[in-house]
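**Q** Numbering (full-length UniProt numbering), first residue to last: 1 to 248.
Mind having a look at this structure? Questions to follow.
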């Protein structure tokens, strides 16, 4: 992965170097929550790179509980962009302008996300921001970091159109006997793994057009180096079937 990102306009060209890279439990786009902070148990890191790997850049940043991360949609960048997209909040069946959404398929593949800052560490000259509530793919390039300022960033009376209300996390999540046995083993290295799986699946990561419909398909999702299989057994209940470690 190159650490350099470019955006182009008819009259101007801008070159950006990635200042960091994300380490995330999400190994693929499927099952990533559609917005940040819906899955509080999702913990990750921003590993600073190159000249930005300097603790002085983040001096006093721990005064802020949350940060804005500006990043590149590197996982979908090569697919290009579309003027009209089908946002999940409209059921995935209605087209609207891409700039009226947070779709990944944008003229410039730049995203922004608010995450919780848990701590900052520097070990062996490597500075790392430890974050949680992230909705970012593992390996995502970070091009800027800004503090979240509540009095200006949280506009209480703002109108958000079709995305005014937070979507309901209405699904119940139950674990099979096999899954419960597997969790005991894997939670020795991550005590919140079960909570992470539950919070991700409550969001119903299936395609938007399948929401509210029965579905007997067995799905798989990748978290860290694990593959978790699950199935919707009723309209409002997910059964987590098993967990296996992916060998590379």
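Note that beta-carbon positions come from the ideal geometry of N, C-alpha and C, so glycine has one too.
With DSSP as the reference, label residue 218 as helix, strand or coil.
**A** Along the chain shown, read from residue 1 onward, the residue named residue 218 stands at position 218. Note: residue 218 maps to strand in three-state DSSP.
**Q** When burial is assigned at 16 or more other CB atoms within 10 Å of the CB, is residue 22 buried or exposed?
**A** Here residue 22 corresponds to residue number 22 of the chain shown, with the count starting at 1. Result: buried.
**Q** Helix, strand or coil for residue 250? Go by DSSP, reduced to three states.
**A** The chain is shown only over 1 to 248; residue 250 falls outside these bounds and no answer can be derived.
**Q** Output needed for residue 179: all residues of its chain with C-beta closer than 7 Å, excluding positions within five of it in sequence on either side, in chain order.
**A** In the chain shown, the residue the question calls residue 179 occupies position 179. Taken in chain order, the residues that qualify are 240, 241, 242 and 243.
**Q** Starting from the Cα of residue 136, find the closest Cα among 235, 73, 207 and 206 and give me that residue.
**A** Stepping through the chain shown from its first residue, residue 136 is reached at position 136. Among 235, 73, 207 and 206, the Cα nearest to that of residue 136 belongs to 73.
**Q** Return the chain-ordered ranges of every alpha helix (DSSP H) run that is complete within the UniProt domain "TsaA-like" (16 to 157) and spans a minimum of 4 residues.
**A** Those alpha helix (DSSP H) runs which fall completely within the UniProt domain "TsaA-like" (16 to 157) and span 4+ residues are 150 to 153.
**Q** How would you label residue 153, buried or exposed, when you count the other beta carbons within 10 angstroms and need 16 or more for buried?
**A** Here residue 153 corresponds to residue number 153 of the chain shown, with the count starting at 1. Exposed, because fewer than 16 other Cβ atoms sit within 10 Å of the Cβ of residue 153.
**Q** Count the CB pairs spanning the region 202 to 211 and the region 26 to 40 that are closer than 8 Å, and state whether there are at least three.
**A** Segments in contact, yes.
**Q** Rounded to whole angstroms, what's the CA-CA distance from residue 80 to residue 103? Just pull it up for me.
**A** Here residue 80 refers to the residue found at position 80 when the chain shown is read from its first residue. Here residue 103 refers to the residue found at position 103 when the chain shown is read from its first residue. Approximately 12 Å between the Cα atoms of the pair.
**Q** Straight-line CA distance for residue 51 to residue 15?
**A** By one-based count along the chain shown, residue 51 stands at place 51. By one-based count along the chain shown, residue 15 stands at place 15. Residue 51 and residue 15: Cα-Cα distance of roughly 16 Å.
**Q** For residue 223, name the three-state secondary structure that DSSP assigns.
**A** Numbered from its first residue, the chain shown carries residue 223 at position 223. If DSSP states are grouped into helix, strand and coil, residue 223 belongs with the strands.
**Q** What is the DSSP secondary structure of residue 187, reduced to helix, strand or coil?
**A** Stepping through the chain shown from its first residue, residue 187 is reached at position 187. Reduced to three states, the DSSP call for residue 187 is coil.
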